[in-house]
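Student: Residue numbers (our numbering), protein chains in the order written: chain A, 21 to 315; chain B, 91 to 473.
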Amino acid sequence: MELFLQYFFSGLTVGAIYALIALSFNIIYNTTSILNLAQGEFVVLGGLVMWFFLEKLKLPYGTSFLLSLSIGGLVGLAMERLTIRPVLKTADPLLLILITIAFSILLRGVLMFLFGKEPYGYPPLSEGEPIVLWGAVLQRQVIWIFIFVILIMIFLYVFFNQTMFGRAMKACAIDRVSAKLMGIKTTQMVMVSFILSGIFASLAGILITPITFVEYDKGPLLTIKGFTSAILGGLGSNWGVMAGGFLLGILESLTAGYIHSGLKDVLALLILLTMLLFKPAGLFQTAEQARLRKL
Amino acid sequence: MHTWRLLVLPILFLLFMWSWGHTSKEPIKIGAILSITGPASFIGEPEKNTILMLAEQVNKGGGINGRPLEVIIEDSKSEETQAVISAKKLIEKDKVVAIIGPSTTGESMAIIPIVTQAKIPMISLAAGTSITEPVSERYWIFKTAQYDRSAVEAIYKYMQKRGIKKVGILTITTGFGDQGRKALLELAPKFGITIVADERYKPKDSDMTVQLLKAKNAGAEAIINWSVGPEQIIVTKNWHALKMGIPLFQSHGWGSKRNLQLAGPAAEGVIAPLGRIVVWDKLPDKHPQKKILKEFEESYLARYKSEPGTFGGHAYDAFMMVVEALKKVGPDPAKIRDYIENNIKNWPGISGIFNMSPKDHCGLDASSFEMVIVKKGDWEILP
């Protein structure tokens, strides 16, 4: 039992990381139907920039935190302005996805140039020995990640359902032409979704770096894992992708524990393929829900 | 005006004489193929820096018997194909008399047929056993990096002394991890050690708690982790968080101060076989390697503001062997090869004390490592 619990906690740790990335995937997808495959690089950016402010410039934790989030948002904005905006009207989604891949390569190169190839890390939000629960250990930082995941969920819920701006974004996602006819500035909505996604991905980076460290080329793996989580839970639904992240993390950890550690990524890819083949809408929504979302 | 015209001719003549005088001493050319960019760039970068620094020192000190030394450095981009192209260019176009590198085992294997055919001596900077073995087929090939096998032997010898019989191994799924795993599994019976758990993880994985726990539950009395980079720090942190009560051993890839900074208190008590470059300041003064270790570390640090590490050390040894051979026997590839094979004996370098022979083209064994433990955020040599 103690062993199972430890495997479970290890899965929660990894799952929390996946969930954060899957959520930032979802924000852009929801408003633009674009998969931003540079998401992992934004996570890396968040971690590296946070290190820069905290360890290099020795700024306080809170200041560094806010500055890093702003930089994440600004780079998101720059990405939208420079690469997405010019082609948004004419390009089909496939081209836009390719553009995000190109941007991810560019961003990775810039990060390598600025930070080099070494791994970086800094202390967690609250220092101290890991928490022991029923004989199994859980890192304190993981608790912080849970808290932030919940805060993000609440924020997204309130933003998209209670504010005018959020609802306008939602409308834009459902039907861009109708939204435009209602007087919503659709291009502005796309811009805001990129800023938000940049901020949340940076937040993910800031939070996971004390656990996993960060180096310039960590992005692609994070992108794949976040994407798998999003597909597993059902791209489009915030609750779904969050659950998908935790589920994937726990499944990986249990496979490594009870079958073999060499097989855990095989399992993740098998899940991805199976989902795409048999239930592309994801575990937590019906095909109809997904279609309605996409209309 | 007139005098000015009169002066032009002699000046031109002098200039011509001066430049002719320079070119008369044609440089001796050696080549280096290094992974300066690409995934193995963390290896190629310090190697390039080391060679540039040493070449400058040699030329400032009068070159090779009065002739300047020219090192042509090619970037293999960490790719086998590019390494092959570089090797062909160095041999056919630049006509080098010796080649240093490549940085990785795969690239070294790729160019072995080419240098063998061209009869040019090559000193690889990579660790793979197959680079210099079987020696009968590796007439022109040497290497200055220790065998992975030797690092494993150093760990197992230490475990034998401490009575550790059951170990769990964690290896990363890269070339480095694969080779380490192979050596760990092969050599265990020789030292009376049983591998009770053989766990793996992938590059950039975020948590290795599960693998560690499985090893412990299988009855391991010690853990050996084989990886380089952030993964080995994550393993260390997980090991510390779990309070496992059994020692953690790391590979010879552990020897970077950065690992200690990033792992912080979690690294306390971690044991690893490390090259002496890492602990040079803790060696006794009469140790034969101490003087060159100090010189190398200090001049590198002063010039590049970073540590040369083990990789820089491999380049240092290869470069110095070639320079010594050039000084003794001149720029003749066959003579250079013979010199390195027969005259590098009890030769203190950065990675260890070399003993080359027709049977061993690496010349280093387990004694080139010190077992080092982390104490209070610093290295300490274990007796």
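We put the CB at the ideal spot given by N, CA and C, even for glycine.
Who are residue 170 of chain B's beta bridge partners in DSSP?
Tutor: Counting from one through the second sequence, the residue named residue 170 of chain B turns up at place 80. DSSP output for residue 170 of chain B lists no bridge partner at all.
Student: Check whether the stretch 132-145 of chain A and the stretch 217-224 of chain A touch, using three or more Cβ-Cβ pairs below 8 Å as the test.
Tutor: The stretch 132-145 of chain A is not in contact with the stretch 217-224 of chain A.
Student: What does residue 124 of chain A touch in chain B if you count any residue whose Cβ is under 7 Å from its own?
Tutor: In the first sequence, the residue the question calls residue 124 of chain A occupies position 104. Correct list: empty, because the minimum Cβ distance to chain B is about 15 Å.
Student: What does the Cβ neighbour count give for residue 167 of chain B, buried or exposed, with the cut at 16 atoms within 10 Å?
Tutor: To locate residue 167 of chain B, count along the second sequence from 1; it is residue 77. Its Cβ being crowded by 16 or more others within 10 Å, residue 167 of chain B is buried.
Student: According to DSSP, is residue 331 of chain B part of a helix, a strand, or is it coil?
Tutor: Numbered from its first residue, the second sequence carries residue 331 of chain B at position 241. DSSP places residue 331 of chain B in helix when its eight states are reduced to three.
Student: Check residue 468 of chain B in the structure and name its three-state DSSP category.
Tutor: If you number the second sequence from 1, residue 468 of chain B lands on position 378. If DSSP states are grouped into helix, strand and coil, residue 468 of chain B belongs with the strands.
Student: Go ahead and label residue 169 of chain B buried or exposed: buried means 16 or more other beta carbons lie within 10 angstroms of its beta carbon, across all protein chains shown.
Tutor: Mapped onto the second sequence, residue 169 of chain B falls at position 79. Buried: at least 16 other Cβ atoms inside 10 Å.
Student: Between residue 157 of chain B and the rest of its own chain, which residues show a CB-CB distance below 6 Å, the 5 nearest in sequence each way excluded?
Tutor: Within the second sequence, residue 157 of chain B is the residue found at index 67, counting from 1. Cβ within range, chain order: 115 and 118.
Student: Contact defined as beta carbons within less than 8 Å: I believe residue 441 of chain B pairs with residue 458 of chain B. What is the distance between those atoms, to the nearest angstrom?
Tutor: Residue 441 of chain B sits at position 351 when you count from the first residue of the second sequence. Residue 458 of chain B sits at position 368 when you count from the first residue of the second sequence. Indeed, because the Cβ distance is near 6 Å, the residues count as touching under 8 Å.
Student: Looking at C-alpha atoms only, which residue of A:61, A:264, A:38 and A:284 is the closest neighbour of residue 126 of chain A?
Tutor: Working through the first sequence from its first residue, we reach residue 126 of chain A at position 106. Closest by alpha carbon: A:61.
Student: In the DSSP assignment, the alpha helix (DSSP H) including residue 363 of chain B goes from what residue to what residue?
Tutor: For the purposes of this step, residue 363 of chain B is identified with residue 273 of the second sequence, where counting begins at 1. Note, residue 363 of chain B: premise wrong, no alpha helix (DSSP H); beta strand (DSSP E) at 361-365.
Student: For the stretch 234-246 of chain A, which residues have a CB atom closer than 7 Å to at least one CB atom of chain B, in sequence order?
Tutor: Here the close residues are 235, 238 and 241.
Student: If the cut-off is 9 Å on Cβ atoms, which residues from the stretch 204-234 of chain B count as contacting chain A, listed in chain order?
Tutor: Correct list: empty, as no residue qualifies.
Student: Does the beta carbon of residue 305 of chain B come closer than 7 Å to any beta carbon on chain A?
Tutor: Here the question's residue 305 of chain B lines up with position 215 in the second sequence. So, not an interface residue.
Student: Identify each residue in the stretch 273-300 of chain B for which the Cβ-Cβ distance to at least one residue of chain A is less than 7 Å, and report them in chain order.
Tutor: Of all residues in the stretch 273-300 of chain B, 289, 290, 291, 292, 294, 296, 297, 299 and 300 have a Cβ within less than 7 Å of some Cβ in chain A.
Student: Alpha helix (DSSP H) containing residue 428 of chain B: first to last residue?
Tutor: If you number the second sequence from 1, residue 428 of chain B lands on position 338. 423-433 is the extent of the alpha helix (DSSP H) around residue 428 of chain B.
Student: Just how far apart, CA to CA, sit residue 189 of chain B and residue 254 of chain B?
Tutor: In the second sequence, residue 189 of chain B corresponds to position 99, counting from 1. In the second sequence, residue 254 of chain B corresponds to position 164, counting from 1. Using only the alpha carbons, I get a separation of about 43 Å.
Student: With a cut-off of 7 Å, does the C-beta of residue 378 of chain B fall near any C-beta of chain A?
Tutor: Numbered from its first residue, the second sequence carries residue 378 of chain B at position 288. For residue 378 of chain B, the answer is no, since every Cβ of chain A falls outside 7 Å of its Cβ.
Student: Which residues, in chain order, does the stretch 373-407 of chain B contribute to contact with chain A at a C-beta distance below 9 Å?
Tutor: The stretch 373-407 of chain B vs chain A, Cβ under 9 Å: nothing.
Student: DSSP state of residue 284 of chain A, grouped into three classes?
Tutor: Looking up residue 284 of chain A in the first sequence gives position 264. In this structure, residue 284 of chain A counts as helix in the three-state DSSP scheme.
Student: Quick one: list the residues of chain A neighbouring residue 320 of chain B, beta-carbon separation under 7 Å, in chain order.
Tutor: As a working note, residue 320 of chain B is residue 230 in the second sequence. By Cβ distance, chain A contributes 139, 233 and 235.
Student: Just to make sure I have the definition right: I need the residues of chain B whose C-beta is within less than 7 Å of the C-beta of residue 150 of chain A. Which are they?
Tutor: Within the first sequence, numbered from 1, the residue matching residue 150 of chain A stands at position 130. What residue 150 of chain A touches in chain B: 331.
Student: Just checking: is the beta-carbon of residue 444 of chain B within a distance shorter than 7 Å of some beta-carbon in chain A?
Tutor: Within the second sequence, the letter at position 354 stands for residue 444 of chain B. So no, residue 444 of chain B is outside the interface.
Student: Note down, in chain order, all residues in the stretch 130-158 of chain B with a beta-carbon under 7 Å from any beta-carbon belonging to chain A.
Tutor: Going along the stretch 130-158 of chain B in chain order, one finds 131 and 132 with a Cβ nearer than 7 Å to chain A.
Student: Alpha carbons only, please: which of B:411, B:223 and B:191 is nearest the one belonging to residue 154 of chain B?
Tutor: Taking the first residue of the second sequence as position 1, residue 154 of chain B is located at position 64. Minimum Cα distance to residue 154 of chain B is reached at B:411.
Student: According to DSSP, is residue 289 of chain B helix, strand or coil?
Tutor: Taking the second sequence and counting its residues from 1, one reaches residue 289 of chain B at position 199. DSSP places residue 289 of chain B in strand when its eight states are reduced to three.
Student: Where do the N-terminal and C-terminal ends of the beta strand (DSSP E) with residue 256 of chain B fall, by residue?
Tutor: Here residue 256 of chain B refers to the residue found at position 166 when the second sequence is read from its first residue. Its beta strand (DSSP E) spans residues 256-262.
Student: DSSP state of residue 238 of chain A, grouped into three classes?
Tutor: The residue you call residue 238 of chain A lines up with position 218 of the first sequence. Three-state result, residue 238 of chain A: coil.
Student: Is there a Cβ of chain A sitting closer than 7 Å to that of residue 352 of chain B, yes or no?
Tutor: For this step, residue 352 of chain B is matched to residue 262 along the second sequence. Chain A, which has a Cβ nearer than 7 Å to the Cβ of residue 352 of chain B, makes this yes.
Student: Answer yes or no: do residue 276 of chain B and residue 456 of chain B have a C-beta to C-beta separation smaller than 7 Å?
Tutor: By one-based count along the second sequence, residue 276 of chain B stands at place 186. By one-based count along the second sequence, residue 456 of chain B stands at place 366. Result no, Cβ atoms of residue 276 of chain B and residue 456 of chain B do not sit closer than 7 Å.
Student: Exposed or buried, residue 122 of chain A, counting other C-beta atoms within 10 Å across all chains shown (16 or more means buried)?
Tutor: Along the first sequence, one-based indexing puts residue 122 of chain A at 102. Flag for residue 122 of chain A reads exposed.
Student: Return the residues of the stretch 271-298 of chain A that lie within a Cβ-Cβ distance of less than 7 Å from chain B, sorted by chain order.
Tutor: Listed by position along the chain: 273, 276, 277, 281, 282 and 285.
Student: Buried or exposed, going by whether 16 or more other CB atoms sit within 10 Å of the CB of residue 146 of chain B?
Tutor: Taking the second sequence and counting its residues from 1, one reaches residue 146 of chain B at position 56. So residue 146 of chain B counts as exposed.
Student: Residue 81 of chain A CB to nearest chain B CB: under 7 Å?
Tutor: Taking the first residue of the first sequence as 1, we reach residue 81 of chain A at position 61. Closer than 7 Å: no.
Student: If I measure Cβ to Cβ from residue 85 of chain A and keep anything under 8 Å in the same chain, skipping five residues before and after, which residues do I get?
Tutor: Here residue 85 of chain A is taken as the residue at index 65 of the first sequence, counted from 1. Taken in chain order, the residues that qualify are 70 and 226.
Student: Can you name, in chain order, every residue of its own chain whose Cβ lies under 6 Å from the Cβ of residue 238 of chain B, other than the five neighbours on each side?
Tutor: Within the second sequence, the letter at position 148 stands for residue 238 of chain B. Result list for residue 238 of chain B: 217, 269, 270 and 273, in chain order.
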